[in-house]
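Accompanying notes for the structure given below.
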Amino acid sequence: MQIVDTALRKAQDEGRTIRVALIGAGFMSQGLARQIRFSMPAMEVGVVVARRPEQARAALAFADYDDVRLVETSAELDAAIAAGAVAVTDDHRLAMASAAIDAVLEVTGSIHYAAEVVIDAVTAGKHVIMMNAELDGTVGPILKTYADRFDVVLSTADGDQPGVLANLIRFVTSIGLQPLVAGNIKGLQDVNRTPETQRGFAEQWGQNVHMVTSFADGTKISFEQAIVANAFGLTVAKRGMTGSTWTDHIDQAMSLYDVDALVELGGVVDYVVGAQPGPGVYVFGLHDDPKQQHYLNLYKLGTGPLYSFYTPYHLCHFEAPLSVARAVLLGDSVMSPRNGPLVDVVAIAKTDLAVGTILDGLGGFHTYGEAERYEISRAELLLPIGVAEGCTVVRAVAKGVALSYDNVSVPEGRLGDRLRTEQNERWPAT
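Note that numbering that gives the first Met the number 0 numbers the sequence shown so that position 123 is 122, with each residue one more than the last.
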């Protein structure tokens with residue numbers, strides 16, 4: 000997005016500064032804070048919100064911030080920013096109340112807390128960039144209606160694979176092709192992975208073990224591809240996507256797909272395991288004009304009618320601040336739900352679940368997520384994995400079986416559940 004660097008330089012020349020609230024202080028936030036500090040003109044971190052302020056201090060220390068101030072009121076937050084310091088608080092509402100904050104980067108990976116943050120942010124007139132496919136894949140469409148109501152941008156992030164894929168889809172569409180497969184290249188997919196199996200990897204890289212497990216067991220890819228589908232009007236070929244193993248170059252993986260079937264479906268989201276170059280994303284686009292096919296063949300893309308495009312990397316925290324600039328300076332969303340959900344992410348039992356089991360969270364021991372067509376999810380009353388945590392099993396579920404609302408009781412009073420109900424009512428299954 001070369002236009003963004005121009006916009007940032009212009010803002011810098013004009014003396015304008017974009018101030019960001021980072022919500023969350025984990026592995027990703029510390030990288031974001033450092034990237035904004037040293038590599039983003041006309042942008043500053045104004046405040047870091049963390050339920051454990053000491054974690055926010057540690058993240059800012061990693062990013063070499065010197066003046067960090069713990070604040071407890073809106074006035075203290077504004078004073079810290081005015082003094083050129085970075086504020087730290089455990090109350091996200093202070094950030095939303097500050098006129099100095101232009102945009103919010105939501106990086107918690109939570110559902111109910113993150114939903115509260117997003118609602119409070121958009122109603123306060125803040126642009127929101129979510130590095131949170133879990134929230135987006137559960138209640139993103141209804142959150143988009145709130146953002147539209149308050150005339151702010153709600154966006155996924157550059158650098159996260161859904162954002163990289165969105166940029167590629169937009170490019171392919173802009174040169175006249177119809178995207179028929181929007182895919183993700185994975186190195187591993189095993190629904191039996193648990194925090195026990197992934198602990199060593201998580202500790203090696205300083206990451207949250209549950210997040211790492213959600214990568215490995217397929218939950219994360221399901222959320223990521225669901226939000227791509229919901230943004231671009233795509234679907235899944237079957238529950239869980241096709242998910243082929245493919246160890247050759249991604250260009251050759253076009254042979255996995257039947258073009259007529261893809262056209263009939265209107266395009267799908269999918270993934271492959273083991274393809275080169277990885278990790279990355281790919282789009283297989285259709286061009287049915289023989290004269291343009293001649294040119295595409297000349298440009299070494301083959302004879303068609305399906306053509307391969309790919310991006311061989313995703314540089315999460317390096318690219319994500321660009322999304323902030325796109326929202327604040329250009330009013331552009333990298334990607335957001337188009338008009339209601341098309342693909343849902345449903346909970347599948349990772350093990351036999353006995354009556355009385357209280358379901359653990361994403362990347363845990365009890366469930367994993369699979370992408371399913373929204374109309375099937377609703378017709379079968381399937382339980383979205385984004386609301387599964389904390390539910391109590393009231394009817395036993397065998398390993399490998401999708402959970403439904405009939406299998407569980409849902410805790411009362413959670414914002415994510417209320418938003419999900421509102422979303423279901425706004426877009427009933429057809």
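Note that CB positions come from ideal geometry on N, CA and C, so glycine has one too.
Item	Value
Could you tell me which residues DSSP puts in a beta bridge with residue 102?	19 and 126
Return the first residue and the last residue of the beta strand (DSSP E) that residue 178 is part of.	177 to 185
Determine the burial state of residue 294: buried for a count of at least 16 other Cβ atoms within 10 Å of its Cβ, exposed for fewer.	exposed
If you drop the 5 nearest sequence neighbours on each side, which residues of the same chain put their C-beta closer than 6 Å to that of residue 141?	418, 421 and 422
Nearest CA to the CA of residue 77: which residue from 265, 98 and 63?	98
Give me the Cα-Cα distance between residue 18 and residue 113, rounded to the nearest whole angstrom.	20 Å
For the 8 Å Cβ check, are there 3 or more pairs between the segment 199 to 214 and the segment 251 to 261?	no
Over what stretch of residues does the alpha helix (DSSP H) that includes residue 420 continue unbroken?	414 to 425
Is residue 354 helix, strand or coil by DSSP?	coil
Please report the distance separating the alpha-carbon of residue 405 from that of residue 193.	25 Å
Report the residue from 390, 401, 403 and 426 whose alpha carbon sits nearest the alpha carbon of residue 411.	390
Going along the chain, which residues of its own chain have a beta-carbon closer than 8 Å to the beta-carbon of residue 266, five neighbours each way excluded?	177, 178, 179, 180, 181, 231, 232, 233 and 234
When DSSP labels each residue in this structure, what does residue 149 get in the three-state scheme?	coil
Whose C-alpha, out of 319, 137 and 16, is nearest the C-alpha of residue 83?	16
Whole angstroms is fine: what's the gap from residue 383's alpha carbon to residue 349's?	15 Å
Following the continuous alpha helix (DSSP H) through residue 93, name the residue where it begins and the one where it ends.	91 to 96
With three or more C-beta pairs closer than 8 Å as the rule, is the segment 368 to 379 touching the segment 220 to 228?	yes
Are the beta-carbon atoms of residue 444 and residue 134 separated by less than 9 Å?	Nothing about residue 444 can be reported from this structure: the residues present for the chain run from 0 to 429 only.
Would you report the Cα separation of residue 149 and residue 121, rounded to the nearest angstrom?	6 Å
If we count the other Cβ atoms within 10 Å of its Cβ and call it buried at 16 or more, is residue 34 buried or exposed?	buried
Residue 171 by DSSP, collapsed to three states: which one?	helix
My output table needs one value for residue 42: the three-state DSSP class, helix, strand or coil.	strand
Less than 9 Å separating the beta-carbons of residue 48 and residue 151?	no
Tell me whether residue 308 is buried or exposed, calling it buried when 16 or more other Cβ atoms sit within 10 Å of its Cβ.	buried
Out of 376, 322, 318 and 332, which one is the CA nearest neighbour of residue 430?	Outside the shown range of the chain, which is 0 to 429, sits residue 430, and nothing can be said about it.
By Cβ distance below 6 Å, which residues in the same chain neighbour residue 243 in space, the five residues on each side in sequence not counted?	255 and 271
Would you call the CB atoms of residue 36 and residue 87 closer than 9 Å?	no
Give the DSSP bridge partners of residue 284, in chain order.	178 and 306
On the CB-based measure, 16 or more other CB atoms within 10 Å of its CB, does residue 137 come out buried or exposed?	buried
Can the beta-carbon of residue 366 be found less than 9 Å from the beta-carbon of residue 166?	no
Helix, strand or coil for residue 382, going by three-state DSSP, please let me know.	coil
Are the beta-carbon atoms of residue 351 and residue 280 separated by less than 9 Å?	no
Enumerate, from N- to C-terminal direction, the unbroken alpha helix (DSSP H) stretches of 4 or more residues contained entirely within the segment 226 to 282.	258 to 264
Can you give the Cα-Cα distance for residue 75 and residue 408, rounded to whole angstroms?	42 Å
Rounding to the nearest angstrom, what Cα-Cα distance links residue 283 and residue 168 in this structure?	9 Å
Checking 9 Å against the spacing of the C-beta atoms, do residue 362 and residue 197 come in under that value?	yes
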